[in-house]
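There are 4 protein chains.
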Amino acid sequence: MSKKDVKKVVLAYSGGLDTSIILKWLQDEYKAEVITFTADLGQGEEVEPARVKAIACGIKPENVYILDIKEEFVKDYVFPMFRANAIYEGEYLLGTSIARPLIAKKLIDIANETGADAVSHGATGKGNDQVRFEIGALALRPDIKVIAPWREWDLNSRESLLEYARKNGIEISQKHVDENGNPKVSPYSMDANLLHISYEGLHLENPNNEPEDSMWLWTTAPEKAPDAPEYLTLTYKNGDPVAIDGVEMSPATLLAKLNELGNKHGIGRVDIVENRYVGMKARGCYETPGGTIMLKAHRAIESICLDREAAHLKDELMPRYAKLIYQGYWFSPERKMLQAAIDATQKNVEGTVKIKLYKGNVTVVGRDSKMSLYNDAYSTFEKDEVYNQKDAEGFIRLNALRFIIAGSNPNRK
Amino acid sequence: MSKKDVKKVVLAYSGGLDTSIILKWLQDEYKAEVITFTADLGQGEEVEPARVKAIACGIKPENVYILDIKEEFVKDYVFPMFRANAIYEGEYLLGTSIARPLIAKKLIDIANETGADAVSHGATGKGNDQVRFEIGALALRPDIKVIAPWREWDLNSRESLLEYARKNGIEISQKHVDENGNPKVSPYSMDANLLHISYEGLHLENPNNEPEDSMWLWTTAPEKAPDAPEYLTLTYKNGDPVAIDGVEMSPATLLAKLNELGNKHGIGRVDIVENRYVGMKARGCYETPGGTIMLKAHRAIESICLDREAAHLKDELMPRYAKLIYQGYWFSPERKMLQAAIDATQKNVEGTVKIKLYKGNVTVVGRDSKMSLYNDAYSTFEKDEVYNQKDAEGFIRLNALRFIIAGSNPNRK
Amino acid sequence: MSKKDVKKVVLAYSGGLDTSIILKWLQDEYKAEVITFTADLGQGEEVEPARVKAIACGIKPENVYILDIKEEFVKDYVFPMFRANAIYEGEYLLGTSIARPLIAKKLIDIANETGADAVSHGATGKGNDQVRFEIGALALRPDIKVIAPWREWDLNSRESLLEYARKNGIEISQKHVDENGNPKVSPYSMDANLLHISYEGLHLENPNNEPEDSMWLWTTAPEKAPDAPEYLTLTYKNGDPVAIDGVEMSPATLLAKLNELGNKHGIGRVDIVENRYVGMKARGCYETPGGTIMLKAHRAIESICLDREAAHLKDELMPRYAKLIYQGYWFSPERKMLQAAIDATQKNVEGTVKIKLYKGNVTVVGRDSKMSLYNDAYSTFEKDEVYNQKDAEGFIRLNALRFIIAGSNPNRK
Amino acid sequence: MSKKDVKKVVLAYSGGLDTSIILKWLQDEYKAEVITFTADLGQGEEVEPARVKAIACGIKPENVYILDIKEEFVKDYVFPMFRANAIYEGEYLLGTSIARPLIAKKLIDIANETGADAVSHGATGKGNDQVRFEIGALALRPDIKVIAPWREWDLNSRESLLEYARKNGIEISQKHVDENGNPKVSPYSMDANLLHISYEGLHLENPNNEPEDSMWLWTTAPEKAPDAPEYLTLTYKNGDPVAIDGVEMSPATLLAKLNELGNKHGIGRVDIVENRYVGMKARGCYETPGGTIMLKAHRAIESICLDREAAHLKDELMPRYAKLIYQGYWFSPERKMLQAAIDATQKNVEGTVKIKLYKGNVTVVGRDSKMSLYNDAYSTFEKDEVYNQKDAEGFIRLNALRFIIAGSNPNRK
């Protein structure tokens, strides 16, 4: 589809400077009707101001979509992912990655509803998010035109962006210019939703630099966290958390509450160099307070409810599952295959986990389940009604038989 | 081989009550010459007393083997395992598992040297260690007879053991009886070496009980650790740590030093329910102070030195590698295959990692390497000499092509 | 459960010499009521004679169970397995392995129905079948007592078995003794069902011996097969074959028809050395005529209907899936996980496959599907409306970026 | 690097029409000095005519590189790949894929030697080969400029190519035009080397069409192959074939001999729809006569020489290994990791395999090795000195223990 054929574009619109410039640019370059979509994913910022700004940019009121999708986000994206104990490269809880397919889905839903032929986003040409948005969108609607202004325009410096904003009457906030109106070194590049907040850029670009204390916005530093530990109990059902300290909550409410507790106790800071899908390494810092608690707790409830081999197979499949989410393949057949395998194990993952939070530490201190596979009659000393120690001899002999046979052939190297 | 054919047995002998009883029992039941092997693996207890005790039991002085194998342990077992970032079931650093094959190897070496036809150990019939010892031994010498007294005798209660000890003049220490000579509830079942100490039994048998503070012997509680963080720098070469704060050290010295630092700052406590190889679940608590630091640090140096796909393949193979070690397959062809794959990635894993220790937290705060694959010219905003953002379009289009084609067939479900 | 506590045993009874001896032995040794279960799995032998023989051995008529389970076998066991394209060790189509769990299930069903407390089978202590029967039985009913006479009695030679049979009036057929009543070298050890027939033993015990022509019972030798090829079309739906040459058939009927065609054209002979679960290698020969056709055809219909990454993930998981079936873990959580993943891919696996059979060769010569992902507009020369060749440049650049960055660091080895 | 900066290009030159046009086009468009590289990979065509043609196009004699790289190809590329038993998507033996990295390597070697700054190839923008050439080249020299004319020029039809050739005095052979000089429908798109020949296009573009008999060039049709089978013996050492019928041969000689035998007996035709790396499906036909024999034979020698778990791990890693080669990642760290794992298993893969060839069938009829792990004392009936059947009971009980425990909890679903 060529530029002039685009009639209507749905833009993922935050209301911030960059996407406001994109909004204007789409109107100018594509001469297209723009529909804005602003999602409340729990990023902690008001979304209603985006309406005012969009309308100020000439968007028709009925073309401004603002949706609270926190519950859908946690229930259908975050929780399924946590059933897999997903971590990317040993550290990253995929807070940004898991939100992108949902935004892509909403863009396509709105495009279908409004008869739009294109979608647009504000991700650059160097990162993972462009891939996640676009693969998500194309998987859901193969003929959609995707407009990625950062890969198309020539506004690739802070100066040129500000210049464009000024020329077009787009409001420039304090954080983008100093008192003289000159571009400030941009703040950290950040992304936030109910699961996490991320930081990239600036000082972090040298992976040998420790992050500055002032960077972290969502968690108390462990050093400043309370001196007394705090205990909580998480209740699980079908592999998902459903209650805190016995109080049932909706998925988003529960995650928000865990974030609050995690924040207070300095839980969930991560500082890594990660491998982007587009080929380079990047430094990223993340705060995932509630998610960090959930990961520990889910593993703990699984530790008593899950069969050994099911658990091990999950562990072996997990890195690939996490990679699929990181690289934008949420809607792919292969992610769905893995999800089917994972979900098939969760029906008995039910019970409670007691957790202690203290200055950055999440410690599991108890797990209980009526589905439990733990039975101390089998494991402990001096009780042998159910287990015959002599069975171990045959078990070992046959497991070692291949070594015995190999060792008996003197020719083998 | 039948009982009466056994002429000479090498016993893994700690000098404690249980293996002293086994020593006596082997002499009585098998009428065999016993050779004792006591290893200094860094368990933190003197090994020389074992010599006195063995001789007191009638062992010939030349049949008492006491070896300091700490360096071999760390260099040839612990370090290769850490190259893989091995963790069992998401939590356990395999401290006991990794020591067993080395003990098995030494038992066989001594058996070969002394012409012994059997080896013996004090592991019960319910645990993993019997498997690890015996598969290790059989893999190294297929015709060895393995004697596992716990699976053979009828001394399967504390009372009967003490009775046997008394009758045979075996010294019973304070910890086994109360002031009246009655058997005390046994202490935690423990195992220690330079990598870790483990606890099982008692209070822990209910997985919903928090461990008692007094149980932990090797680490300061995070609550009691210093209020000020401490920083250190680890230097890596070929994937192994070689220096702390620039001071080169032997493998065992380095690990001992990390243990000291970890201990001080409350690092490395783990409390889990794990899946034993023999089929049941068991509660275990572990302290792995130095190992916990090494795992974090190794991942950090890999994060800048390792190719993405090599790192991901390592992550996918890791759970299986860890399981092999857990289940006693160190000497197996499949563990060697995986080790070959892992080691093939480590020649560029070289550089320094800065680490902050604080009340249970190990935080990586910097990584640097002349082998680094991190290059901020590629990842950062507003610099585009080396990277062409437009490349991303083709990259995304072709990665999405299979979805575009699938989505274009209206028959597909 | 001790011997004397066993009141009622369900025996997997073929009506042959070995299981007739077991029947008698169970009556004598266990003083238990015996229930016989004989399955028609399509082995090609009459099952009714087993009724007569059982009654002749004193089994009450109501305790003789004879069931035709061919349709259940093919629909719920064979077809799900073929969805996975399962092959063990690159060659074996798992014909025996896949039947065992169903027999175990029926044994337990009958035990539950009749209040039996034990099941028994005629598999030896050296093979895989004992494991498959017993793990299957225990997975379905954990308190069942399993009696494996071959591991228990002392009748471990042909002579002693015949002696026992004679003493107890058990009919001995021609194939077991020569004209003088002396034991003959036993025929090949065989197992058959609708999916395959297997041969072990005798001449085959030297893996360097070619099987004798006379051994093969189910397929024409390729040399003697018709000189003209024969074509057929298989129709698939949801990943399962549902029709031959447009004629819909039940699962068992369809497989029987494929067997007939395969037999005629010399399809499906396999001769391998395989790794048994109990630790040794064994030589086995197999004829799987229909299965060999189904494997080829299923791959062919998948080749046009299945997404690339789903197909590749299936291929990567397949060896583990096949191993689980080979080793007796059909009812395990991990097999169900993998089945869930596999089945999640089959809803679009629908269409027709044209096949040519000729002297041992199964050749796919056409595939067609309304679900097809094949679209020659994308792949062929000189048509470029849908595909932009320039996209490939960005695709390659970004996929190569990690090598470009690595290659640019002169320090790297 | 921009067009005008390119001074010297090494072109992969076959001497055919397409690469002759490219040669001319590079001279015209890039004004660059062209160096031609023509490889004898065993494609069965003379390579010397390429010299004459190149010189006729104005290439300096010293800039014409013609190399016989058959031995390097088989020894360092084909054989390592066959150690892995590599097959892509269950059928394709990777004959084209495995040759591409070697050609890329030679292009870079010659570029380095001659001071060239670019390489060029004749692969289109729709296929896998462009990826294989370019990723290979960039992995070996990150700053190389790659020129892919098919993605750059506008000669994307047969007519325009012929027109260009005529205008530039490039010789047009019979197969490209009919008697009137009009472009003929191009012949199959083919690629050949010592391992295989491939066919794409024309009639094959409908995956429901059977290939025409006349298409196949390298193998006798099974129907026309000899009526008598032929036997041969392959000798293996370190996992590679070293002799046929006891006669030692160099790698390329051995493969050529196997091709001859396979050709005679109609071995190695494959007809599939495969998934290209660039996202679409494509129909391909292949003849791999010698390779098909080698795959069977290698599996057979492994079947007696390889440990079970090593063999299974190889099988699980194989699809990924094959995919890496298919997609052009031969020089990647991840392929080298897998190769290290595979090669670590081959030192005992030594011995002989007897093979029967008959009308399209490759049948293994014997295997023998002094490294053999097959020992009939373990597997056969009525010999029990080395194996204790009772061991199986403990083996089964402990393997089933997790099911017994799970089944004993009535709450579990």
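Protein chains in written order, with this note's numbering: chain A, 1 to 413; chain B, 1001 to 1413; chain C, 2001 to 2413; chain D, 3001 to 3413.
Where a beta carbon is used, it is the ideal one built from N, C-alpha and C, also for glycine.
Exposure of residue i, with buried meaning 16 or more beta-carbon neighbours within 10 Å
i       : result
E350/A  : buried
L2217/C : exposed
P2149/C : buried
E179/A  : exposed
H203/A  : exposed
G1115/B : exposed
S1097/B : buried
K2167/C : exposed
N182/A  : exposed
S1214/B : exposed
Cutoff 6 angstroms; reference residue i; Cβ partners in own chain excluding five residues on either side
i       : result
G1122/B : D1018, T1019 and I1022
R3132/D : R3100 and G3328
A3225/D : H3265, G3266 and K3359
Residues that DSSP places opposite residue i in a beta bridge
i       : result
I2272/C : G2284/C
G3115/D : In DSSP, G3115/D forms no bridge with anything.
Neighbourhood of residue i by C-beta, 7 angstroms cutoff - its chain only, sequence neighbours within 5 removed
i       : result
A2406/C : R2412
I3267/D : T3219, P3289, T3292, I3293, L3357, G3360 and V3362
A3137/D : A3104, L3107, I3108, V3119, I3144 and V3146
E3091/D : V3270 and I3272
P1222/B : G1266, K1359 and G1360
W2330/C : P2101 and G2136
I3301/D : Y3236, V3349, G3351, V3353, R3367 and S3369
I2055/C : P2061 and V2064
M3190/D : I3197, S3198 and Y3199
L2254/C : P2241 and I2244
K2070/C : D2040, L2041, G2042, L2194 and A2252
Within 8 angstroms, strictly: CB atoms of residue i and residue j
i       : j       : result
E139/A  : A1400/B : Reading off the sequence, residue 139/A comes out as Ala, not Glu. Their beta carbons are under 8 angstroms apart, which means A139/A touches A1400/B by this criterion.
S1250/B : G1095/B : no
S372/A  : I304/A  : yes
R276/A  : G394/A  : no
E210/A  : V1365/B : yes
P142/A  : F1082/B : no
K2390/C : G3284/D : no
T1038/B : G1015/B : yes
Check distances from the C-beta atoms of the segment 3307-3333 of chain D to those of chain A and list, in chain order, the residues that come in under 8 angstroms.
-> Residues D3307, R3308 and E3309.
With 8 angstroms as the limit, tell me which residues of the segment 1270-1292 of chain B have their beta carbon closer than that to any beta carbon of chain A; keep them in chain order.
-> Taking 8 angstroms as the Cβ-Cβ cut-off, the segment 1270-1292 of chain B approaches chain A at D1271, I1272, V1273, E1274, N1275, R1276, V1278, G1279, M1280, K1281, A1282 and R1283, given in chain order.
Short-range partners of chain A found in the segment 2334-2349 of chain C, where Cβ spacing is below 7 angstroms = Residues passing the 7 angstroms Cβ filter: E2334, K2336, M2337, L2338, A2340, A2341, A2344 and T2345.
For the segment 1383-1400 of chain B, which residues have a beta carbon sitting closer than 7 angstroms to at least one beta carbon of chain A?
-> The segment 1383-1400 of chain B vs chain A, Cβ under 7 angstroms: D1384, Y1387, Q1389, K1390, A1392, E1393, F1395, I1396, N1399 and A1400.
Residues of the segment 72-98 of chain A with a CB closer than 8 angstroms to any CB of chain D: list them in chain order, please.
-> For the segment 72-98 of chain A, the set of residues with a beta-carbon nearer than 8 angstroms to any beta-carbon of chain D is empty.
Could you list the residues in the segment 3184-3212 of chain D with a C-beta less than 9 angstroms from some C-beta on chain C, going in chain order?
-> Going along the segment 3184-3212 of chain D in chain order, one finds S3186, S3189, E3200, G3201, E3205, N3206, P3207, N3208, N3209, E3210 and P3211 with a Cβ nearer than 9 angstroms to chain C.
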